[in-house]
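The structure appears below as structure tokens.
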């Protein structure tokens, strides 16, 4: 009878630990991506040139603004 309780407590602790770990990892990843965005202006400029477009600064600024708004959307939904 005592072994059942030990196993149940261990499983409960494991599930709680996994849940907390997922939330902490998600929070850390979001803050990392906020500080180090995966795409910067130079990358956008290079991609547009590879696609055959001549990138103007106005167009690059619009795309960066749109990408930043997309990154901020999940925070606003909460």
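Numbering (the UniProt record's numbering), first residue to last: 1 to 78.
From the three backbone atoms N, C-alpha and C, an ideal C-beta is built for every residue, glycine too.
* Asked: What residues in its chain sit with their C-beta under 6 Å from that of residue 48, if we drop five residues either side in the sequence?
  -> Same-chain partners within the cutoff: 55.
* Which parts of the segment 27–67 are runs of the alpha helix (DSSP H), unbroken and 4 residues or longer, counting only runs that do not cross its ends? -> 41–50
* Could you tell me whether the segment 7–23 touches the segment 31–39, using the rule of 3 or more Cβ pairs below 8 Å? => no
* residue 71 and residue 37: beta carbons closer than 9 Å? -> Yes, these two residues count as a Cβ contact at 9 Å.
* To do: Taking residue 44 and residue 20 to be in contact with their CB atoms under 8 Å, please state how far apart those CB atoms are, rounded to whole angstroms.
  => The pair is not a contact, with the Cβ atoms about 37 Å apart (cut-off 8 Å).
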